[in-house]
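Shown next, in structure tokens, is the structure this report addresses.
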Amino acid sequence: MSAVTHTDPAEHGAHPPLPHVRKVAMWAFLGSECLFFGTLISTFLLYRNRTGDGPTAAEIFDIPFTSISSFILLMSSLTMVLAHYASERKDWRRMRVWLLATALLGMTFLAGQVFEFTEFVHEGLTVTTSPFGSAFFVMTSFHGAHVAVGVILLLATAFMSFGGKLRADGGMNVELVALYWHFVDIVWIVIFTVVYLLQV
Amino acid sequence: MSEETQMASTDHTAHRGGAWGWITSTDHKKIGILYGVSAIMFFLIGGVEALLIRTQLALPNGDVLSADAYNQMFTMHATTMVFLVVMPAAAAFTNYFLPLLLGARDVAFPRLNALSYWIFFFGGLFLTISFFVGGAPDGGWFGYAPLSTQVSEVVRMDYWALGLLILGLASVLSAINFITTVFTMRAPGMTLMRMPVFAWMAFVVAFLLLFSLPIITVGLFQVFLDRNLGTLFFSAAGGGDPVLWQHLFWLFGHPEVYVLILPAMGIVSEVLPVFSGKPLFGRSFVIFSGIAIGFMGFGVWAHHMFTSGLGPVAEAAFALTTMFIGVPTGVKIFNWLGTLWGGSIRFKTPMLFSLGFIAMFVIGGLSGVTHSIVPADTQQHDTYYVVAHFHYVLFGGAIFGLFAGVYYWWPKITGRLLHEGWGKLHFWTMLIGFNLTFAPMHVLGLAGMPRRTYRYPEGLGFEFWNFVATVGSYLIAVSILVFLWNWWRSRHHGEVAGNDPWNGRTLEWTIPSPPPHYNFATVPTVHSEDSFWHDKYREDEAGNAVPVAAAPTTTAAEEDIHMPSPSYYPALTGFGMFIALMGFVYLPVGLVAVAAGLMVTMWGLFGWAMEPLTREPHE
Ligand code: HEM
Ligand SMILES: [Cu+2]
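If you read the sequences in order, they're chains A and B.
No gaps in the numbering here: position 42 of the first sequence is 42 in our numbering, and each next residue is one more.
No gaps in the numbering here: position 195 of the second sequence is 195 in our numbering, and each next residue is one more.
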């Protein structure tokens with residue numbers, strides 16, 4: 001993501017107004033990500049009952065706990081919207097506050113995931129216990145890694161706005177991070193519904 | 001016209017020559033050349049592997065390769081040809097010509113483009129290095145579990161899984177780049193339907209890559225984790241399911257077939273009209289059938305798995321979809337024939353390769369249709385019949401099409417023509433060698449010779465045709481030498497090409513050869529499909545093309561041309577990934593290399609993010 005370089009169509013006086021380059025690229029990237037998570041979730045669905053001698057989903061999932069951390073992540077989409085809104089009104093101070101709030105919620109979610117993982121390991125589920133374990137941990141870890149990348153992006157955007165780097169093109173950057181963040185959020189909603197709620 | 005416009009503006013961007021200039025280049029044309037040269041290098045490597053295979057099989061009970069070496073050879077031959085030759089060769093043309101065909105100055109993200117190349121380059125290096133450290137992958141290019149997770153001891157299939165992962169990353173990045181380029185960088189007036197067919201096919205390919213690679217990426221992660229962490233995705237003993245791998249692989253693998261063939265179809269669709277002196281017949285049908293192939297490519301994957309026991313309903317469904325996907329391909333072939341019909345045909349080398357493409361591809365397509373019939377497929381499966389089929393498609397199709405592109409666009413890239421006589425010699429030796437090699441494989445396959453076995457006993461009737469095939473493969477090697485010689489001699493003795501040596505129809509022929517750094521001094525305005533052609537000719541009442549009195553000149557108001565400045569961060573980032581990959585193969589000892597590699601990668605990405613995009617235009 002830090003890799004965004006661009007040739008703004010506006011720079012070529014001759015170009016008609018075209019959809020903004022980086023936004024198109026982000027949509028394409030997210031399209032690709034849909035297939036990535038789709039494959040992980042399909043693998044999980046195939047293996048959800050293949051628990052071997054290990055614990056089953058019903059035995060280990062703690063739905064109330066995961067519901068709370070899902071709610072936290074959901075709220076972070078709200079703060080993200082507020083950050084985006086503030087950036088459009090060039091209210092940099094508010095924007096930073098909401099960006100940091102979003103990052104904080106994201107980190108809380110990650111902490112919850114770490115806690116959940118250690119619990120599961122205690123109860124005897126690891127990546128090598130059963131296909132169920134392998135599929136579960138790999139899928140949720142990839143999602144966690146995406147949240148972590150999102151947190152880094154949020155923090156980087158917030159700090160860059162101090163140096164004034166964002167000012168010229170700020171709305172766009174926040175908008176891109178927002179697109180990514182909402183996507184990661186939506187993926188979690190799908191995982192939570194399909195993987196957790198349908199299991200028990 | 002272009003002399004004038006060229007003088008009208010000067011190139012403001014610092015140019016650097018030499019190796020450093022290539023390493024730091026962010027110019028899509030230089031990156032295209034890098035892709036092309038790398039593809040040819042790997043083509044030679046993959047070719048030597050093929051020759052070793054064929055030499056081993058020339059006589060019964062062959063003794064050139066051990067069974068182990070043979071397994072490495074066919075795995076690496078196929079992996080190299082698919083991922084390190086045909087895909088990057090197509091990427092070479094797309095990189096070089098997509099912006100030119102669209103009337104743009106560069107791709108949307110020049111440095112990202114450089115990164116894609118360097119990741120590909122180091123990925124290819126990583127795969128090839130395996131021969132010298134620990135042994136090359138030996139589980140087949142399709143890596144079927146449990147072959148990929150067990151058979152090869154130690155690290156071999158780790159090279160394969162990680163190598164394909166990183167090559168996939170390179171392709172996804174360039175797919176995003178090309179999609180964005182098409183959506184946002186077209187010259188004024190260049191509507192989607194006015195886009196040249198090659199640009200269209202590259203566009204469809206980008207979508208195929210974008211949506212199919214994530215699937216295999218997940219699968220490759222799972223293979224790697226099964227091998228190194230002890231996960232149970234494909235371990236039947238642990239409750240996993242090896243057939244899942246087959247689904248993931250072919251959900252990617254079938255679209256991949258079109259990734260390999262569509263660029264060649266695009267090239268042929270550019271070449272045929274130019275050398276027939278007619279517009280492409282049924283242009284929009286060619287485009288829409290390309291799109292249809294893109295969609296349908298995702299719906300037929302399980303025809304590779306008829307022998308895996310999917311059950312009759314699934315098999316019938318996939319047999320049907322597979323027969324349907326022949327339709328848009330058939331449409332294209334009729335359009336090409338329609339373009340030839342009544343044209344004033346010039347049999348130049350690019351044209352010969354295009355005609356060779358059509359003929360060979362039709363043969364490959366017909367033997368392919370026989371696979372969609374489930375009972376027939378169970379007979380042919382894993383025999384040399386299949387080897388014959390996919391070489392007619394991938395070599396007779398993709399490689400012939402790509403060579404058509406090489407001869408067609410060479411003068412634009414280098415400013416000099418390749419020699420027609422040597423070119424024709426190249427074509428005919430290759431065509432004859434190709435058919436000598438692969439036509440007999442149909443016979444061998446139907447006679448029951450299995451593929452991927454390193455020797456066959458005497459007395460089964462396999463001797464004669466195997467010997468013929470081996471002779472043919474050496475003839476192919478000769479044809480490649482002819483090509484290399486032609487390339488070498490054209491550097492100084494090739495005829496100087498001028499802007500428009502073929503009387504072309506598309507925008508790249510409006511600018512000098514080789515094109516200046518900024519491509520178009522003035523961004524062109526497009527009024528129709530075949531716009532450049534209509535600048536040169538108009539139709540009289542009888543429908544004949546009449547030259548327009550004076551070629552129209554675009555008034556060259558000097559534009560400020562901002563070009564991206566060179567950067568070594570993409571290459572550095574790719575290099576960091578390479579170090580990390582080497583570390584991953586040799587876990588846990590390699591952890592040091594993993595850490596070091598990731599640090600270099602971060603350094604590259606960070607430097608990149610902080611670096612200004614362009615230098616000041618006026619110094
Ligand atoms: C120089 C000419 C070539 C020759 C002589 C040649 C020869 C062969 C032979 C003999 C095999 C069978 C290996 C076996 O079953 O044991 C093979 C496999 C294969 N080749 Fe080629 N090949 C050539 C070019 C190409 C090209 C241009 C491509 C693709 C773009 C290609 C793709 C493949 C693939 C995918 C396999 C399957 C390997 C497997 O069975 O797993 N080959 N080739
Ligand atoms: Cu297929």
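Backbone N, C-alpha and C define an ideal beta-carbon position, used for all residues, glycine too.
Bear in mind the structure is a predicted one, so any value in this text is a computation, not a measurement.
If you compare the alpha carbons of 461(B), 493(B) and 365(B) with that of residue 422(B), the shortest gap goes to 493(B). According to the DSSP assignment, residue 103(A) belongs to no beta strand (DSSP E) but to the alpha helix (DSSP H) extending over 92-122. The criterion of a C-beta distance shorter than 7 Å is satisfied by residue 205(B) and residue 262(B). For residue 227(B), the three-state secondary structure derived from DSSP is helix. For ligand 2, the residues with a Cβ under 6 Å from any of its heavy atoms are, in chain order, 254(B), 257(B), 300(B), 303(B) and 304(B). DSSP lists 545(B) as the bridge partner or partners of residue 539(B). When C-alpha distances from residue 90(A) are compared across 173(A), 187(A), 198(A) and 115(A), the shortest belongs to 173(A). The beta carbon of residue 463(B) sits closer than 6 Å to those of 60, all from its chain and outside the five residues before and after it, given in chain order. Among the residues of the segment 158-172 of chain B, those with a Cβ less than 7 Å away from any Cβ of chain A are 172, in the order of the chain. Of all C-beta pairs linking the segment 481-492 of chain B to the segment 511-525 of chain B, fewer than three are shorter than 8 Å, placing the two stretches out of contact. For residue 217(B), the C-beta contacts it makes with chain A under 7 Å involve 36, in order along the chain. A residue is called buried once 16 or more other Cβ atoms fall within 10 Å of its Cβ, and residue 157(B) is buried on that count.
With respect to chain B, the C-beta atom of residue 159(A) has no partner C-beta closer than 7 Å. Between the segment 20-36 of chain B and the segment 51-65 of chain B there are fewer than three C-beta pairs closer than 8 Å, too few to call the two in contact. Residue burial is scored here from C-beta neighbours: residue 18(B) has fewer than 16 other C-beta atoms within 10 angstroms and is therefore classed as exposed. Non-local beta-carbon contacts of residue 352(B) in its own chain, meaning distances under 6 Å to residues more than five positions away in sequence, involve 427 in chain order.
Pairing residue 163(B) with residue 219(B) gives a Cβ-Cβ distance that is not under 7 Å.
For residue 407(B), the enclosing alpha helix (DSSP H) begins and ends at 400-414.
The beta carbon of residue 178(A) sits closer than 8 Å to the beta carbons of 80, 81, 83 and 84 from its chain, once the five residues preceding and following it are set aside; these are given in chain order. Nearest to residue 487(B) by C-alpha distance, out of 440(B), 605(B) and 37(B), is 37(B). For residue 162(A), the closest of 95(A), 191(A) and 132(A) by C-alpha to C-alpha distance is 95(A). In the DSSP annotation of this structure, residue 194(B) is not part of any alpha helix (DSSP H), being labelled neither H nor E.
Chain order gives the chain A residues near residue 176(B) as 25, 28, 29 and 32, where near means a beta carbon separation below 8 Å. Chain B places a beta carbon closer than 7 Å to that of residue 50(A), counting this residue as a contact. Distance from the CA of residue 312(B) to the CA of residue 372(B), rounded to the nearest whole angstrom, comes to 14 Å. For residue 496(B), the beta-bridge partners assigned by DSSP are 416(B). Per DSSP, the continuous alpha helix (DSSP H) segment holding residue 377(B) begins and ends at 374-380.
Within chain B, the residues whose beta carbon sits less than 7 Å from that of residue 40(A) are 218, listed in sequence order. Comparing C-alpha distances from residue 191(A) to each of 176(A), 123(A), 53(A) and 36(A) shows the shortest one belongs to 36(A). Separation of residue 485(B) and residue 404(B) (C-alpha to C-alpha, rounded to the nearest whole angstrom) is 17 Å. Comparing alpha-carbon positions, the option among 333(B), 343(B) and 251(B) lying closest to residue 303(B) turns out to be 251(B). DSSP, reduced to helix, strand and coil, places residue 157(A) within a helical segment of the structure shown.
Not a single CB atom of chain A sits nearer than 7 Å to the CB of residue 50(B). For residue 158(B), the enclosing alpha helix (DSSP H) has its first and last residue at 156-184. Residues of chain A with a Cβ closer than 7 Å to the Cβ of residue 535(B) do not exist, since the nearest Cβ in that chain sits about 17 Å away.
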